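Chains V and G, in that order, are what the protein sequence lines are. Heads up: the first sequence begins at 1 in UniProt numbering, then just goes up one per residue. Heads up: the second sequence begins at 1 in UniProt numbering, then just goes up one per residue. Virtual Cβ for every residue (Gly too), placed ideally from N, Cα, C. The structure displayed is predicted, hence computed values, not measured ones.
Protein chains: 2
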Amino acid sequence: MTPFEAKLTATAKRTEELLNELLSTDTRPQETARPTHLIEAMHYGALNGGKRLRPFLVVESAAMFGGDREAAFRIGAALECLHSYSLVHDDLPAMDDDKLRRGKPTVHIAFDEATAILAGDALLTYAFDIIAAPETALGDRARIELVLALARAAGVGGMAGGQALDLAAEKRSPDEQGIITLQAMKTGALIRFACEAGAIIASARPEDRMRLRRFGEIVGRAFQLADDLLDLTSDAATLGKAAGKDAARGKGTLVALKGQDWAEAELDRLVEEATDLIAVYGDRAATLIDTARFVAKRKS
Amino acid sequence: MTPFEAKLTATAKRTEELLNELLSTDTRPQETARPTHLIEAMHYGALNGGKRLRPFLVVESAAMFGGDREAAFRIGAALECLHSYSLVHDDLPAMDDDKLRRGKPTVHIAFDEATAILAGDALLTYAFDIIAAPETALGDRARIELVLALARAAGVGGMAGGQALDLAAEKRSPDEQGIITLQAMKTGALIRFACEAGAIIASARPEDRMRLRRFGEIVGRAFQLADDLLDLTSDAATLGKAAGKDAARGKGTLVALKGQDWAEAELDRLVEEATDLIAVYGDRAATLIDTARFVAKRKS
């Protein structure tokens, strides 16, 4: 394990401990009844063994600007709840109809469809609860900017809108620009938010926030491109989900459109662009630069 | 039309104008692509001709404490987006499987199931966007308290949790206390939020906020009890939806458990309790008292 991988693993572990605590079925003083079954489904959907890349980006972006580490972990956990909701709903029969995720039954298979819909709804709602909760020790200004940025990243102009464009793309294939836009919304927006969030947590200057936003956009593109490459070249055992799925559904990807060689060169170019962008922060940018490289070169 | 009904109608009209503007498919400067179909489904789900009782409670609670009227309308619209999301998802085949709402095809019938899931998700997300947006001219403290209160009212300890308990109740009927808890979460929490929101918007004193919260709880109970009575005594033409549906599903209601006479007496008692609670505000409480009475006595 490289030092970078050790760092990523440690953040994933800490994020999961926090999610475990946030999604516990223990009774809270202010509540009259706990819908235990629903919370178990939320816990199942959120603690699914991901790499926790988004929380890592939040924590490392905040660290670069000297932001509060505990607050960053809580924002990371909120983002992971929101990301998990999108996976739970995307897997539903009416959507992608997936029965496995990371080799385990999806939420609507392990529980039932109604519970999966509700668990997704509740995870989405909980993300905003966590940001606004007093336990997330941040100033009101930072909190409200995080709420707004996350709502925009997840809403019609972001992830949900991208998913809608993706459903439409199954009927009519988009062109290159259409695919770029769709992916920037569907997967890019949350990754961009993760990087921008660090700057907000640390109350960084507006130009730093904009630079992190741009960095997040590039990392988001690299993430999706690497994903499309993996979908084409990996087998199910490595991926923990059905491989070649996108191609089988006729979903247009940039890799399908422009080829594997182009995609590999483009990934190198994106890593370089991301590196140049935050080189201005010197040594403090090292972990984020490693992250961009890791995202582009990952094998699963 | 009574003066109260005229007031309610005027607020509904203004709320719908605002929702119409907020859910317009016009391109926004910050967005690269608008998923028009998704926004149309959100618009269809949110502009469904309801009485807009929740926004009315927000606006009138804020007015009682001298809160900003425009801000109250925007918080009312946000709440209505959130309420609409819950209706769109509740109507889904995996949930209540309803094909009609207010005499019109439900969202998954008028569009399709995937679009209905996404439209609900996006309406829920948009509620937090509206609260946090700079256009909702409120201080950061009020905004963050609204985000937190709404997330709690809608989440596992509130509406989503109540819906989960409701699904479980189809398998095993809850007792009287169980029904009260379920209903307080499923329908009560948002109505309570509506009343509490007015106090938050106006930066009212903590004891006023607590009193409005309690007032909202009582109005919420009256709302649900009146609903259960209507389900039992109305026909589909008056309700705009299938009548006797709850009884047919074997869903336990307090009316089924304790009878119609008890329910009518209980409604009188709740109106009295609500009135006594806010009598301390004198004449300024008149509209909210009228609202409690209207909620308890409504015929549709």
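| said: Let's see if you can read the secondary structure: which residues bound the alpha helix (DSSP H) around lysine 7 of chain V? | reply: The sequence position of residue 7 of chain V within the first sequence is 7, counting from 1. From DSSP, the alpha helix (DSSP H) with lysine 7 of chain V extends over 3-22.
| Where the alpha helix (DSSP H) containing glutamate 60 of chain V begins and where it ends | For the purposes of this step, residue 60 of chain V is identified with residue 60 of the first sequence, where counting begins at 1. Element bounds for glutamate 60 of chain V: 53-64.
| Which of helix, strand or coil does DSSP assign to residue 386 of chain V? | Any answer about residue 386 of chain V is impossible in this case: the structure gives chain V only from 1 up to 300.
| said: Is methionine 95 of chain G close to chain V? Criterion is C-beta to C-beta, closer than 7 Å. | reply: As a working note, residue 95 of chain G is residue 95 in the second sequence. Chain V, which has a Cβ nearer than 7 Å to the Cβ of methionine 95 of chain G, makes this yes.
| said: For arginine 141 of chain V, would you say it is in contact with chain G, using Cβ-to-Cβ distances shorter than 7 Å as the test? | reply: Your numbering for residue 141 of chain V matches position 141 in the first sequence. Yes - at least one Cβ of chain G is within 7 Å of the one on arginine 141 of chain V.
| message | Going by DSSP in three states, proline 174 of chain V sits in which element: helix, strand or coil? | response | Residue mapping note: residue 174 of chain V aligns to position 174 of the first sequence, counting from 1. Coil.
| request: Go through its chain and collect everything with a Cβ distance to alanine 132 of chain V's Cβ below 7 Å, but skip five positions before and after it. | output: For the purposes of this step, residue 132 of chain V is taken as residue 132 along the first sequence, with counting starting at 1. Taken in chain order, the residues that qualify are Arg143, Val147.
| said: Helix, strand or coil for serine 86 of chain G? Go by DSSP, reduced to three states. | reply: Taking the first residue of the second sequence as position 1, residue 86 of chain G is located at position 86. Residue state, collapsed to three classes: helix.
| So, helix, strand or coil for arginine 74 of chain G, using DSSP? | To locate residue 74 of chain G, count along the second sequence from 1; it is residue 74. Helix.
| said: So, at 7 Å on beta carbons, what are the nonlocal neighbours of leucine 47 of chain G in its own chain, with the 5 sequence-adjacent residues on each side left out? | reply: For this step, residue 47 of chain G is matched to residue 47 along the second sequence. Here the set comprises Glu16, Leu19, Asn20.
| field | Contact list for isoleucine 144 of chain V against chain G, beta-carbon separation under 8 Å | value | Position 144 of the first sequence, counted from the first residue, corresponds to residue 144 of chain V. Listed along the chain, the chain G residues whose CB falls inside 8 Å of the CB of isoleucine 144 of chain V are Ala132, Asp140, Arg143, Ile144, Val147.
| task | Would you mind sorting arginine 102 of chain V into buried or exposed? The rule is 16 or more other CB atoms within 10 Å of its CB. | result | Along the first sequence, one-based indexing puts residue 102 of chain V at 102. Arginine 102 of chain V should be labelled exposed.
| task | Mark threonine 253 of chain V as exposed unless 16 or more other C-beta atoms lie within 10 angstroms of its C-beta, in which case mark it buried. | result | On the first sequence, residue 253 of chain V is found 253 positions in, with the first residue counted as 1. Buried: at least 16 other Cβ atoms inside 10 Å.
| request: Pair every Cβ in the region 181-201 of chain V with every Cβ in the region 147-164 of chain V, then say whether three or more of these pairs are closer than 8 Å. | output: Here the region 181-201 of chain V makes contact with the region 147-164 of chain V; the two share three or more CB pairs at distances below 8 Å.
| message | On the criterion of 16 or more Cβ atoms from any shown chain inside 10 Å, does glutamine 177 of chain V qualify as buried, or is it exposed? | response | Numbered from 1 along the first sequence, position 177 holds the residue referred to as residue 177 of chain V. Exposed.
| task | State buried or exposed for serine 86 of chain G, treating a residue as buried only when at least 16 other CB atoms are found within 10 Å of its CB. | result | Taking the first residue of the second sequence as 1, we reach residue 86 of chain G at position 86. Buried, because 16 or more other Cβ atoms sit within 10 Å of the Cβ of serine 86 of chain G.
| query | Looking at the structure shown, is methionine 95 of chain V part of a helix, part of a strand, or coil, going by DSSP? | reply | Indexing the first sequence from 1 puts residue 95 of chain V at position 95. Reduced to three states, the DSSP call for methionine 95 of chain V is coil.
| request: Check valine 156 of chain V in the structure and name its three-state DSSP category. | output: What you label residue 156 of chain V is simply residue 156 of the first sequence in a count that begins at 1. Coil.
| DSSP three-state assignment for aspartate 206 of chain G, whether helix, strand or coil | Within the second sequence, residue 206 of chain G is the residue found at index 206, counting from 1. For the sequence presented, residue 206 of chain G should be read as proline rather than aspartate. Reduced to three states, the DSSP call for proline 206 of chain G is helix.
| task | Please determine, among G:Phe65, G:Arg54, G:Glu60, the residue with the shortest C-alpha to C-alpha distance to serine 84 of chain G. | result | To locate residue 84 of chain G, count along the second sequence from 1; it is residue 84. Ranking the options by Cα distance to serine 84 of chain G, first place goes to G:Arg54.
| task | Measuring only between beta-carbons, confirm whether threonine 125 of chain G sits less than 7 Å from chain V. | result | Numbered from its first residue, the second sequence carries residue 125 of chain G at position 125. Yes, threonine 125 of chain G counts as interfacial toward chain V.
| Beta-carbon neighbours of methionine 210 of chain V, restricted to chain G and to distances below 9 Å | Here residue 210 of chain V refers to the residue found at position 210 when the first sequence is read from its first residue. Within 9 Å Cβ-Cβ: nothing; methionine 210 of chain V doesn't reach chain G, min ~13 Å.
| said: For isoleucine 109 of chain G, which residues in the same chain have their Cβ closer than 7 Å to its Cβ, ignoring the five residues on either side in sequence? | reply: For the purposes of this step, residue 109 of chain G is identified with residue 109 of the second sequence, where counting begins at 1. If we look at isoleucine 109 of chain G and ignore the five residues flanking it on each side, its Cβ neighbours are Lys99.
| glutamine 260 of chain G classed as buried or exposed, judged by whether at least 16 other C-beta atoms fall within 10 angstroms | As a position in the second sequence, residue 260 of chain G is number 260, starting the count at 1. With fewer than 16 Cβ atoms within 10 Å of its Cβ, glutamine 260 of chain G is classed as exposed.
| Using a C-beta to C-beta distance shorter than 8 Å, which residues of chain G count as neighbours of arginine 213 of chain V? | Translated into positions along the first sequence, residue 213 of chain V becomes position 213. Ordered by position in chain G, no residue passes the 8 Å Cβ test against arginine 213 of chain V, which lies about 12 Å from the chain.
| query | Since glutamate 113 of chain G meets chain V, which of its residues come closer than 8 Å, beta carbon to beta carbon? | reply | The sequence position of residue 113 of chain G within the second sequence is 113, counting from 1. Within 8 Å Cβ-Cβ: Ala94.
| lysine 51 of chain G CB to nearest heavy atom of the ligand HEM below 6 Å | No copy of the ligand HEM occurs in the structure displayed, which carries no ligand at all.
| field | N- and C-terminal bounds of the alpha helix (DSSP H) containing phenylalanine 193 of chain G | value | Against the second sequence, residue 193 of chain G aligns to sequence position 193. 189-201 is the extent of the alpha helix (DSSP H) around phenylalanine 193 of chain G.
| task | Output the distance between the C-alpha atoms of valine 59 of chain V and glycine 162 of chain G, rounded to the nearest integer angstrom. | result | For this step, residue 59 of chain V is matched to residue 59 along the first sequence. For this step, residue 162 of chain G is matched to residue 162 along the second sequence. So the two alpha carbons sit approximately 34 Å from each other.
| Top-ranked residue by Cα proximity to leucine 267 of chain G, from G:Ala12, G:Ala78, G:Phe294 | As a first step, residue 267 of chain G must be located in the second sequence, where it is residue number 267. Nearest C-alpha to leucine 267 of chain G: G:Phe294.
| request: Determine the direct distance from the alpha carbon of valine 156 of chain V to that of valine 88 of chain V, and round the result to whole angstroms. | output: In the first sequence, residue 88 of chain V corresponds to position 88, counting from 1. In the first sequence, residue 156 of chain V corresponds to position 156, counting from 1. The alpha-carbon separation between valine 88 of chain V and valine 156 of chain V amounts to approximately 18 Å.
| task | Would you tell me roughly how many angstroms separate the C-alpha atoms of glycine 66 of chain G and leucine 257 of chain V, rounded to the nearest one? | result | Taking the first residue of the second sequence as position 1, residue 66 of chain G is located at position 66. Taking the first residue of the first sequence as position 1, residue 257 of chain V is located at position 257. Distance between the alpha carbons of glycine 66 of chain G and leucine 257 of chain V: 60 Å.
| request: Rounded to whole angstroms, what's the CA-CA distance from valine 255 of chain G to glycine 50 of chain G? Just pull it up for me. | output: What you label residue 255 of chain G is simply residue 255 of the second sequence in a count that begins at 1. What you label residue 50 of chain G is simply residue 50 of the second sequence in a count that begins at 1. So the two alpha carbons sit approximately 24 Å from each other.
| message | Any beta carbon of chain C sitting closer than 7 Å to that of alanine 122 of chain V? | response | Of the chains in the structure shown, none is chain C; the protein chains are V and G.
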